[in-house]
Each structure stands twice: as structure tokens, then as C-alpha cells.
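Chemist: Residue numbers (the working numbering), protein chains in the order written: chain A, 435 to 596; chain B, 435 to 596; chain C, 435 to 596; chain D, 435 to 596. In this text, a Cβ means the ideal position worked out from N, Cα and C, and glycines have one as well. Could you have a look at this structure, given as C-alpha cells, before my questions?
There are 4 protein chains.
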Amino acid sequence: MKVRGPFIGVIGAGSCSITVARLACEVGREIARNHAVLVCGGLGGVMAAAARGAKELGGYTVGILPGPNIAEANEYIDFPIATNMSHARNAIIVRTSQVLIAVAGGYGTLSEMALAMKIGKGVVALKPQFSVPGVRVASTPEEAVKEALALLDAVRQRTTQG
Amino acid sequence: MKVRGPFIGVIGAGSCSITVARLACEVGREIARNHAVLVCGGLGGVMAAAARGAKELGGYTVGILPGPNIAEANEYIDFPIATNMSHARNAIIVRTSQVLIAVAGGYGTLSEMALAMKIGKGVVALKPQFSVPGVRVASTPEEAVKEALALLDAVRQRTTQG
Amino acid sequence: MKVRGPFIGVIGAGSCSITVARLACEVGREIARNHAVLVCGGLGGVMAAAARGAKELGGYTVGILPGPNIAEANEYIDFPIATNMSHARNAIIVRTSQVLIAVAGGYGTLSEMALAMKIGKGVVALKPQFSVPGVRVASTPEEAVKEALALLDAVRQRTTQG
Amino acid sequence: MKVRGPFIGVIGAGSCSITVARLACEVGREIARNHAVLVCGGLGGVMAAAARGAKELGGYTVGILPGPNIAEANEYIDFPIATNMSHARNAIIVRTSQVLIAVAGGYGTLSEMALAMKIGKGVVALKPQFSVPGVRVASTPEEAVKEALALLDAVRQRTTQG
Numbered sequence: 435m436k437v438r439g440p441f442i443g444v445i446g447a448g449s450c451s452i453t454v455a456r457l458a459c460e461v462g463r464e465i466a467r468n469h470a471v472l473v474c475g476g477l478g479g480v481m482a483a484a485a486r487g488a489k490e491l492g493g494y495t496v497g498i499l500p501g502p503n504i505a506e507a508n509e510y511i512d513f514p515i516a517t518n519m520s521h522a523r524n525a526i527i528v529r530t531s532q533v534l535i536a537v538a539g540g541y542g543t544l545s546e547m548a549l550a551m552k553i554g555k556g557v558v559a560l561k562p563q564f565s566v567p568g569v570r571v572a573s574t575p576e577e578a579v580k581e582a583l584a585l586l587d588a589v590r591q592r593t594t595q596g
Numbered sequence: 435m436k437v438r439g440p441f442i443g444v445i446g447a448g449s450c451s452i453t454v455a456r457l458a459c460e461v462g463r464e465i466a467r468n469h470a471v472l473v474c475g476g477l478g479g480v481m482a483a484a485a486r487g488a489k490e491l492g493g494y495t496v497g498i499l500p501g502p503n504i505a506e507a508n509e510y511i512d513f514p515i516a517t518n519m520s521h522a523r524n525a526i527i528v529r530t531s532q533v534l535i536a537v538a539g540g541y542g543t544l545s546e547m548a549l550a551m552k553i554g555k556g557v558v559a560l561k562p563q564f565s566v567p568g569v570r571v572a573s574t575p576e577e578a579v580k581e582a583l584a585l586l587d588a589v590r591q592r593t594t595q596g
Numbered sequence: 435m436k437v438r439g440p441f442i443g444v445i446g447a448g449s450c451s452i453t454v455a456r457l458a459c460e461v462g463r464e465i466a467r468n469h470a471v472l473v474c475g476g477l478g479g480v481m482a483a484a485a486r487g488a489k490e491l492g493g494y495t496v497g498i499l500p501g502p503n504i505a506e507a508n509e510y511i512d513f514p515i516a517t518n519m520s521h522a523r524n525a526i527i528v529r530t531s532q533v534l535i536a537v538a539g540g541y542g543t544l545s546e547m548a549l550a551m552k553i554g555k556g557v558v559a560l561k562p563q564f565s566v567p568g569v570r571v572a573s574t575p576e577e578a579v580k581e582a583l584a585l586l587d588a589v590r591q592r593t594t595q596g
Numbered sequence: 435m436k437v438r439g440p441f442i443g444v445i446g447a448g449s450c451s452i453t454v455a456r457l458a459c460e461v462g463r464e465i466a467r468n469h470a471v472l473v474c475g476g477l478g479g480v481m482a483a484a485a486r487g488a489k490e491l492g493g494y495t496v497g498i499l500p501g502p503n504i505a506e507a508n509e510y511i512d513f514p515i516a517t518n519m520s521h522a523r524n525a526i527i528v529r530t531s532q533v534l535i536a537v538a539g540g541y542g543t544l545s546e547m548a549l550a551m552k553i554g555k556g557v558v559a560l561k562p563q564f565s566v567p568g569v570r571v572a573s574t575p576e577e578a579v580k581e582a583l584a585l586l587d588a589v590r591q592r593t594t595q596g
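This is the structure in C-alpha cells:
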């Protein structure tokens, strides 16, 4: 039980509309339904909505926080990590996630998507604000998680064969 | 279920004697027996022994890794965090843990103990190689975990009253 | 002499065409001509070309490196900083620079541009590969540095008045 | 002019007695007298006193700051680096310095000394509060800098021969 199923990162803004929160929540539910672990930034907005969705279906959630205190995590985070490194913690989210799903999001999310592409992680976007070449765009939460898992499988096959 | 019981850090060298590994394993078991989450550096030696002990009793384990890849975690880590920040990840271990237990250990462990004292985290040491003022020395794993939990309770009471 | 003139970050890929290197070199020269300090990632490509330009006119250069060793810096770096934090060092480049100039660049540069916008730093781009809302596009190195200095002045005036 | 003479780290507390500040200032002067660059944490106490000493003799000073803003540096810092990583910046100070001199200091300094020893950097201590095996103790600032430069030469000879 070293790694409890895949680790899927969900990235997005710290505050968001109800529509975007609903999408994020559904992404979290799909992640848990597929027995994957949700990794996120541990704060509000998309991060809290996705973690809430994952907890509704009994999934595990990891929150990699920008601040010094684990109490800063939203109430749906099981395992808070206090980095105290502000935005530099984004690099840890990207490294720890085996594949990432971006839900809407502003400059911070764009920065994480670009970093993920830079280091070769797959990224799927739902309602992207910015177009990033190489990022797959999904039209529903179900499709986003399915696509993310397919990207992961492709990586695994390359690793096994190579 | 925001925080599944307290988060207890276990620090120590990446390779160690059988005697030290036995102590670390017993510390891990005591942590799980007390429904606490074990936080460690995710590699070998004391880290692997403590995580093994925690898993034997069904506890959860978090490994905050120095490298870029979660596959680097030892097999007893449930939630690996890939920081890719080498020794700077020690600061994340110290911040994330609410109290720390050092098992033997060399310069790296001394560095973490000192940082923990600097930022006001309690530290309990088993078989310390270095004497650090303010660090409590325990003589058995049971005593170390009991002492760590007592330090945590003291912090909580101060926080509640203050 | 606390801060020797403004600190201007130059970001771009670690390997680049001769055309892009010429632009980066000219950006470095303009930075030095304006008595500003060049901050960069300290490696090759755009970073080395810009640092070379700055040194040709006697400017100072700071290189914030991803690896553990200052010897990894290119030969035009006066003050190498060994972060050993891989891409997380990008956040340090963005924080340390008062304004940034992107020269061409791929996903890594896009990630830094987005982070800079996120935390409110001005960004000027030369030959951008990606379009980022809010980033000013300059057509020559002279214009890029002039624009960067104007953005800095605007920030200073807001700070002084506010 | 890649590296302007050796980079010597000076570590110590952010506030200190006049006696300790005098020692730190003299260490800074000796560093500049030997055409070395002073690297420090950029804040007050020992850091400011050492940087002041270095500037009195025209040396260069680098300050690797814990916070997000270069304006946080003391007035004697030529090249401030804004890490925004709190104590994790200590690892960057240790990596960037080729050898370190500790002046008095508390838990934070102990943490840096231990980390330096862990990764194989030489450390010289003046008026140490804690005894760390392997750290050389000097009795005057002159002796401390002389000893630090000798440690560096020894490393260089090993590197050249090996």
C-alpha cells in the first residue's frame, strides 16, 4: 500500500464562482470514485470544492499549503503540509501530482500548468481562462478525470516499455 | 475529519543500526496506537523503520521527500510529497509536524531539532547523539510518544487560554 | 548603497537561437547602461547571453541557480546563488526582481511570467511564444528596458503616494 | 570575473549584544580585506554588523532574506535575494557559501551549522553557544577568517588533486 492509487492534482483559484465550485466538486468526486488521491493547495475556492467532493465519496485529500500552519487548511483536507514557502509550494504540488486537472483559474493556475508542462506532467483543463499548447481541454468533470487517468496510463506504459 | 489526530514528526538518519531501527519502529507503532499521523522524510533508516511500525498498527504515514519523484518514498509511506528541495525540505517536515521525536541521528537530525526549537515546536529525543538545550530526552519509545503528546496538549491549552 | 539601482530580472530558455541570444545580450547591455542590476537564473541560453551583455558594459549580475553548486553558474555571473530547489527557484527570481523582461522562452518562462503577474510584478516580453494578458510586448531590447524602467517608476509613485 | 573571490557565509542571531556585534563587524572587515564576498541572511544583529564591516572596507555583500521583499534587507546589503521561504532560506545560505563563520548565535545558527556540517561545508565558530563536533572554534575575528580561508584552500586542493 505504498501509493494508494494515483495522485491527481487539482489546481484553480482560491476563490471562484458557484459554477466553477460545482465543477471542482464533481472533479473531486470523480477522483475519489476512481480510488485516486486528491492533491491540491489546501486553501479555498477550487481547492476546497474539489476536496469536499473527494471527501463526500470517502477519498483521501492532501493539501500543500503556502503558509506556516496546518490549521490554515480547509476542512476537507486530511493531510495538510505546511510549506511556509508561498507560491514556491506550487512546484511541490506539480511534482507530487502524477497528473493535473486545472479548473478555470487565473495567473497562479497558469503558472502551475506551464510548470507541469515544463517538467513533463500531463495537464487536463476544464473551462480554461488561458490557452496553453499541449494542455488537453475537457468539457465535463467526468471527461477530465477519465482523460487524466488515461494520460497516467500512457506514462506508465512508456516507463514499462522504455 | 480535517486533521486525523495529531501529526507527529519522526526524524533520524537515513541509515541506522538494527538497535536504532527497532526503537524507531516501536516509536511508529506507538504513534499509530495513539491515532496520530506519522510525518517523516520518507526515505530509509529511521524514517522507514518508524513508518513500518506505524503501518503495522494501521496508522497513516506522510513522507516529505528531498527529491523530485514520489517513487523515491519507502514502501511504508502512504502519502509521499515530492519537494525536490533537498535539505530545505527539513523545514517543511518541522512546520508540518506539531511535535517531533528524534531517534538517534547525526548532523541532519541536529539541524532539524534546532530548527524545531527555533520555531517553538516541542522536541523529544531518544538516544540523542547531540545535546540540545530544551529538548526532552526519553528513555523508551513509549515514553517518547507519551511525552510528545503531553507537549502537544500543553501547547493546545496555552492556545485555548491565550 | 543599499540597492545599487533597480533589480531587473531577465527570463528565457536555457538554450536559444543566435537571434534570440543577440536580443538577450542587447537587453543585458541596456540594463547595465541604465545602472540596473541584472537578475537571472544563472544558466545558459538567454540567461548567459543577457549576463554577458551586462558584463560588457560593467553591470552587475546575479544568478539564482536551480542546483546545489555555485560553479554551475555561467561565466558572466558575479553573484551566484545556489538554491538546490530546481524550478522552485523561479519564485525567488520573480520575488527578487522588481520588474521582469522575458526574451522568447518556453513553458518555464511562461510559468515565471504568470507567477510575476500573479504577485503584481510588471512583465515586458520580447518575441513572446505565448500571449499572457497584462504582459506588455516590446519590439526592441531598448524599448523593453525602457518600458521595464517605466513600470518600476509607476510602482514607486503609487507606493510613495499611497 | 565569474566568482569575485570566495563566498564566505556569516551566520548569527538577528539581534545581539554590542560585544557580539563588534566581533561580527570585525569578521565582515576581515572578509572584505581578503577580497571575499560576504553572504548572510540580510537582516539585523550579527548579519547587519558583519555586512557593515564588509562595506566599510569596500567589500560586496549578499543578503538571502526570509521574506518576500528586498526592501527588508539591512542597509549594508548590496545584493538582496527575496526567497519568501522563511527558515528554509537557511539551506540556500549554506549552499551558496563556500565556508561559514558562525558568530555566537542561538537555535537558528545551530541549525545552519549542523546543516553545513551535514553537506560537507567547513564551519568556524566565534563565541559559540553550542558545541558541534567538527566545527573549529576561533578566538578572534582575524583567526576565524584566516581559518575559514584555510578550510577553503584545503577543499580546493582536494578537488584539484582528486
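#1: Does the Cβ of A:Glu-546 have 16 or more other Cβ atoms within 10 Å, making it buried, or fewer, making it exposed?
#2: Using a Cβ cut-off of 8 Å, pull out every chain D residue sitting near A:Ser-520, in sequence order please.
#3: Check whether chain D comes within 9 Å of C:Tyr-541, counting only Cβ atoms and requiring the distance to be less than that.
#4: Within 9 Å of any Cβ in chain C, is that where the Cβ of A:Ser-545 sits?
#5: Whole angstroms are fine: how far does the CA of B:Val-528 sit from the CA of B:Met-435?
#6: With respect to the alpha helix (DSSP H) encompassing B:Val-566, which residues constitute its N-terminal and C-terminal limits?
#7: In this structure, does DSSP put D:Ala-538 in helix, strand or coil?
#8: How long is the line joining the alpha carbons of C:Glu-577 and C:Tyr-541, rounded to whole angstroms?
#9: At 9 Å on the CB atoms, spell out the chain B contacts of A:Ala-525, in chain order.
#10: Return no unless some Cβ of chain D is closer than 9 Å to the Cβ of B:Ile-553.
#11: What residue ranges within the region 473 to 542 of chain D form continuous beta strand (DSSP E) runs of no fewer than 3 residues, ordered along the chain?
#12: For D:His-521, count neighbouring C-beta atoms within 10 Å of its own C-beta (all shown protein chains included) and say buried if the count is 16 or more, exposed if not.
#13: A:Val-480 and A:Val-444 look like a contact to me (Cβ under 8 Å); what is the Cβ gap, rounded to whole Å?
#14: Can you tell me which of C:Ala-447, C:Ala-588, C:Ala-525, C:Gly-493 puts its alpha carbon nearest to the alpha carbon of C:Asn-468?
#15: Does the pairing of the region 560 to 572 of chain A with the region 450 to 458 of chain B give three or more beta-carbon distances under 8 Å?
#16: Please state whether the Cβ-Cβ distance between A:Gly-476 and A:Asn-508 is less than 9 Å.
#17: Contact defined as beta carbons within less than 8 Å: I believe D:Leu-491 pairs with D:Ala-466. What is the distance between those atoms, to the nearest angstrom?
#18: Helix, strand or coil for B:Gly-443 per DSSP?
#19: How about A:Glu-441: is its C-beta nearer than 9 Å to some C-beta of chain C?
#20: Which term fits B:Gln-591, buried or exposed, when burial requires 16 or more other beta carbons within 10 angstroms of its beta carbon?
#21: In three-state terms, what does DSSP make of A:Ala-582?
#22: Just to confirm the assignment, what range does the beta strand (DSSP E) spanning B:Gly-448 have?
#23: Counting only beta-carbon separations shorter than 9 Å, does A:Phe-513 have a partner in chain B?
#24: Run down chain B in chain order and give the residues with a C-beta less than 9 Å from the C-beta of D:Ala-466.
#25: With 16 other CB atoms within 10 Å as the buried threshold, where does B:Ala-505 fall?
#26: Taking the alpha-carbon positions, what's the C:Ala-516 to C:Ala-582 distance?
#27: On a Cα-Cα basis, can you pick out the residue from D:Ala-538, D:Met-551, D:Ala-550, D:Ala-485 that is closest to D:Leu-560?
#28: When the cut-off is 9 Å and only beta carbons count, does C:Leu-549 lie next to chain A?
#29: Determine the burial state of C:Gly-487: buried for a count of at least 16 other Cβ atoms within 10 Å of its Cβ, exposed for fewer.
#30: Can you name the residues that DSSP bridges to A:Ala-455?
#31: Listing by chain order, which chain C residues have their CB less than 7 Å from the CB of D:Val-496?
#32: Closer than 9 Å, CB to CB, is C:Gln-532 near chain D or not?
#33: Helix, strand or coil: which one does DSSP assign to A:Ala-559?
#34: Beta strand (DSSP E) containing A:Ala-470: first to last residue?
#35: Just confirm the distance between the C-beta atoms of D:Ala-470 and D:Gly-446, as a whole number of angstroms; I'd bet it's less than 8 Å.
Modeler: Taking the coordinates as given:
#1: Mapped onto the first sequence, residue 546 of chain A falls at position 112. With 16 or more other Cβ atoms inside 10 Å of its own Cβ, A:Glu-546 counts as buried.
#2: Translated into positions along the first sequence, residue 520 of chain A becomes position 86. Residues of chain D passing the Cβ test: Pro-502, Asn-518, Met-519.
#3: On the third sequence, position 107 is the one that residue 541 of chain C refers to. Taking Cβ atoms only, chain D never reaches closer than 9 Å to C:Tyr-541, which makes this a no.
#4: Along the first sequence, read from residue 1 onward, the residue named residue 545 of chain A stands at position 111. Closer than 9 Å: yes.
#5: In the second sequence, the residue the question calls residue 435 of chain B occupies position 1. In the second sequence, the residue the question calls residue 528 of chain B occupies position 94. Interpretation of B:Met-435 is limited by its pLDDT of 44, a score under 50 that renders its predicted location unreliable; the figure taken from the coordinates is listed afterwards. Taking C-alpha positions only, B:Met-435 is separated from B:Val-528 by approximately 22 Å.
#6: Taking the second sequence and counting its residues from 1, the one referred to as residue 566 of chain B is at position 132. If you look at B:Val-566, you'll find it isn't in any alpha helix (DSSP H); DSSP assigns it neither H nor E.
#7: By 1-based counting over the fourth sequence, the position of residue 538 of chain D is 104. Coil.
#8: Locating residue 577 of chain C in the third sequence gives position 143, where the first residue counts as 1. Locating residue 541 of chain C in the third sequence gives position 107, where the first residue counts as 1. Roughly 24 Å separates the two Cα atoms.
#9: Within the first sequence, residue 525 of chain A is the residue found at index 91, counting from 1. Ordered by position in chain B, the residues that pass the 9 Å Cβ test against A:Ala-525 are Thr-517, Asn-518, Met-519.
#10: Here residue 553 of chain B refers to the residue found at position 119 of the second sequence. Output row for B:Ile-553: interface = yes.
#11: Assignment of beta strand (DSSP E) within the region 473 to 542 of chain D, counting only whole runs of 3 or more residues, yields 495 to 499, 513 to 516, 533 to 537 in chain order.
#12: Here residue 521 of chain D refers to the residue found at position 87 of the fourth sequence. Under this definition D:His-521 is a buried residue.
#13: Within the first sequence, numbered from 1, the residue matching residue 480 of chain A stands at position 46. Within the first sequence, numbered from 1, the residue matching residue 444 of chain A stands at position 10. Yes, they are in contact, since the Cβ atoms of A:Val-480 and A:Val-444 sit about 7 Å apart, within 8 Å.
#14: Here residue 468 of chain C refers to the residue found at position 34 when the third sequence is read from its first residue. With distances taken between Cα atoms, C:Asn-468 lies closest to C:Gly-493.
#15: Result no; under three Cβ-Cβ pairs closer than 8 Å.
#16: Taking the first residue of the first sequence as 1, we reach residue 476 of chain A at position 42. Taking the first residue of the first sequence as 1, we reach residue 508 of chain A at position 74. It is a contact, given that the beta carbons lie within the stated cut-off.
#17: By one-based count along the fourth sequence, residue 491 of chain D stands at place 57. By one-based count along the fourth sequence, residue 466 of chain D stands at place 32. Right, their Cβ atoms sit about 4 Å apart.
#18: Along the second sequence, read from residue 1 onward, the residue named residue 443 of chain B stands at position 9. In the structure shown, B:Gly-443 sits in a strand (DSSP, three-state: E or B).
#19: Locating residue 441 of chain A in the first sequence gives position 7, counting from the first residue. Inspection of the sequence shows that residue 441 of chain A is occupied by Phe rather than by Glu. Cβ-Cβ to chain C under 9 Å: no for A:Phe-441.
#20: Locating residue 591 of chain B in the second sequence gives position 157, where the first residue counts as 1. Exposed, by the Cβ-count rule.
#21: As a first step, residue 582 of chain A must be located in the first sequence, where it is residue number 148. Per DSSP, reduced to three states, the secondary structure at A:Ala-582 is helical.
#22: Position 14 of the second sequence, counting from 1, holds the residue named residue 448 of chain B. Per DSSP, B:Gly-448 belongs to no beta strand (DSSP E) and is neither H nor E.
#23: For the purposes of this step, residue 513 of chain A is taken as the residue at position 79 of the first sequence. At least one beta carbon of chain B lies nearer than 9 Å to the beta carbon of A:Phe-513.
#24: Within the fourth sequence, residue 466 of chain D is the residue found at index 32, counting from 1. Within 9 Å Cβ-Cβ: nothing; D:Ala-466 doesn't reach chain B, min ~29 Å.
#25: For this step, residue 505 of chain B is matched to residue 71 along the second sequence. The residue is exposed, with fewer than 16 neighbouring Cβ atoms inside 10 Å.
#26: The residue given as residue 516 of chain C occupies position 82 in the third sequence. The residue given as residue 582 of chain C occupies position 148 in the third sequence. Rounded to whole angstroms, C:Ala-516 to C:Ala-582 spans 27 Å at the Cα level.
#27: Here residue 560 of chain D refers to the residue found at position 126 of the fourth sequence. It is D:Ala-538.
#28: In the third sequence, counting from the first residue as 1, residue 549 of chain C sits at position 115. Yes, its Cβ sits closer than 9 Å to a Cβ of chain A.
#29: Locating residue 487 of chain C in the third sequence gives position 53, where the first residue counts as 1. Buried.
#30: Along the first sequence, one-based indexing puts residue 455 of chain A at 21. Beta-bridge partners of A:Ala-455 (DSSP): none assigned.
#31: Against the fourth sequence, residue 496 of chain D aligns to sequence position 62. Within chain C, the residues Phe-513 have their CB atoms less than 7 Å from the CB of D:Val-496, given in chain order.
#32: As a first step, residue 532 of chain C must be located in the third sequence, where it is residue number 98. For C:Gln-532, a Cβ of chain D is located within less than 9 Å of the residue's own Cβ.
#33: Position 125 of the first sequence holds residue 559 of chain A. Three-state result, A:Ala-559: strand.
#34: Working through the first sequence from its first residue, we reach residue 470 of chain A at position 36. Neither: A:Ala-470 is in no beta strand (DSSP E) and is coded neither H nor E.
#35: Position 36 of the fourth sequence, counted from the first residue, corresponds to residue 470 of chain D. Position 12 of the fourth sequence, counted from the first residue, corresponds to residue 446 of chain D. Cβ-Cβ separation between D:Ala-470 and D:Gly-446: approximately 17 Å, too far for a contact (criterion under 8 Å).
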